[in-house]
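Protein chains in written order, with the working numbering: chain A, 241 to 441; chain B, 241 to 441.
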DNA sequence: GTCGAACTTGACGCGTGTGTCACTTTCAGT
DNA sequence: ACTGAAAGTGACACACGCGTCAAGTTCGAC
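This is the structure we're talking about:
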């Protein structure tokens with residue numbers, strides 16, 4: 241009957257369901273009113289649970305944000321990383337990385353909206369610049385590309401930031417346009433940054 | 241004695257001083273804890289004023305944010321606009337616009353921090369994408385440049401967003417590095433986007 | 001069917017924020 | 001000086017969020 245791994249007792253089932261319900265409610269609340277203005281009560285109210293129950297699952301609203309973040313950050317990082325590491329040409333490096341990024345965001349627009357709305361808070365709270373989910377890794381990959389001669393020498397720290405910042409804004413616009421045109425966005429940023437990389441030679 | 245225009249009665253003097261004190265306190269508070277988490281009391285506490293006095297100047301905290309925003313948005317827009325409109329080559333168009341932007345941010349790092357911290361809130365609150373203070377104007381300028389043949393045809397909406405997003409992130413890094421190197425940042429983004437623009441032809 | 005541990009519930013005590021308002025202080029005009 | 005309007009003050013009434021906890025409910029083991 242149940243599709244996934246363990247059938248599990250009813251106890252564990254509701255436990256997982258409650259946790260999921262809280263995370264789901266929090267996703268909406270944080271995206272709608274922003275993390276700072278949101279209260280634990282706002283989250284609970286979007287749920288069938290009682291106020292006290294919340295604290296069986298998370299100690300405070302910050303933990304919920306953290307959980308939500310881990311969800312998205314690890315996923316997007318892994319996808320982008322593996323896409324980039326499979327690339328051998330600069331074209332593929334840029335295009336595949338962005339494609340993985342844009343594709344995932346198209347899949348989870350709600351999480352993206354949450355990140356967009358609370359980007360400043362995230363930066364301040366966890367020093368991880370989770371917004372781009374891996375500026376450091378991009379920087380590292382760029383340095384490796386420079387070292388191996390694939391790409392001309394340049395300020396990789398600036399470049400990583402610029403790529404993430406531009407990609408983020410382009411993603412916003414991409415998701416605003418109907419229908420969502422991932423390939424168009426990929427083509428745009430790829431041309432932009434390939435041109436930029438060459439020019440730095 | 242007093243440098244500026246009207247010596248003004250003591251009445252008007254303190255009135256202006258109080259308003260300025262509130263705005264200054266709010267600048268700090270919004271930048272430190274984020275707009276959503278901040279309270280009117282937090283602002284007042286950073287001031288010599290009583291709680292009630294606040295409401296003689298602003299109806300609520302949102303109005304303070306609005307006032308703060310107008311301060312920075314109109315200033316940066318005017319500077320960038322005039323810098324760009326004086327340019328005749330694509331090089332100057334890109335470089336001068338960014339230079340005006342970076343230079344102003346270097347002047348007012350506190351307002352920049354406020355914008356950075358609350359970018360998501362600003363977008364949600366006022367539809368104006370005040371963060372880049374003029375994406376629309378940049379888009380318009382780009383379209384004009386395309387129409388006049390200065391620059392090859394491309395998706396100017398994407399380009400405007402990408403430029404603003406990249407500039408914002410580069411500015412963050414620029415202000416983190418010591419000493420603040422405006423010309424280095426200008427040179428970086430100029431090469432990046434000139435290469436990108438050419439490549440789109 | 002019984003029992004106990006795990007979980008849920010919602011009301012409670014406490015702290016804090018909101019916007020207001022009667023009262024006081026301050027300044028400008030005479 | 002004197003006076004009245006303008007502005008400042010802080011306590012107040014109300015509302016809400018927080019985290020807890022005693023009481024109730026539910027599931028699973030035997």
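Beta carbons are placed, not taken as given, at the ideal position from N, Cα and C, and that holds for glycine.
Buried is the label assigned to residue 336 of chain A, since at least 16 other Cβ atoms lie within 10 Å of its Cβ. For chain B, none of the residues of the region 317-340 of chain A brings a beta carbon within less than 7 Å of one of its beta carbons.
Boundaries of the alpha helix (DSSP H) harbouring residue 330 of chain A: 330-347, taken from the DSSP string. For residue 325 of chain B, the enclosing alpha helix (DSSP H) starts and ends at 301-325. Using beta-carbon distances, residue 405 of chain B counts as an interface residue toward chain A, with a partner under 7 Å.
A distance below 6 Å between beta-carbons, with the five flanking residues on each side excluded, links residue 323 of chain A to the following residues of its chain, in chain order: 336, 337 and 340.
Scanning B/296, B/358 and B/294 for the CA closest to the CA of residue 277 of chain B turns up B/358.
Contact between residue 386 of chain B and residue 377 of chain B is absent: CB atoms are separated by about 15 Å, not below the 8 Å threshold. Just so you know, the alpha carbons of residue 347 of chain A and residue 426 of chain A end up roughly 15 Å apart. Annotation: Cβ neighbours of residue 360 of chain A in chain B (cutoff 8 Å, chain order): 274, 356, 357, 358, 359, 360 and 361.
Of the residues assessed, residue 281 of chain B falls on the exposed side of the cut-off, its CB having fewer than 16 other CB atoms within 10 angstroms. Burial state of residue 328 of chain A is exposed, judged by a 10 Å Cβ sphere holding fewer than 16 other Cβ atoms. Contacts with chain A at 7 Å (Cβ-Cβ) do not include residue 382 of chain B.
Excluding five sequence positions before and after residue 344 of chain B, the CB atoms of its chain that fall closer than 6 Å to its own CB belong to 316 and 319, given in chain order.
For residue 391 of chain B, the three-state secondary structure derived from DSSP is coil.
The alpha carbon of residue 289 of chain A has as its nearest neighbour, out of A/263, A/366, A/321 and A/273, the alpha carbon of A/263. Spanning the alpha carbons of residue 332 of chain B and residue 411 of chain A requires a straight line of approximately 28 Å.
Closest option to residue 366 of chain A, judged by alpha-carbon separation, among A/293, A/309, A/284 and A/422: A/309. With a 10 Å radius around the Cβ and a threshold of 16 neighbouring Cβ atoms, residue 398 of chain A comes out buried. The beta carbon of residue 435 of chain B falls within 7 Å of a beta carbon belonging to chain A, placing the residue at that interface.
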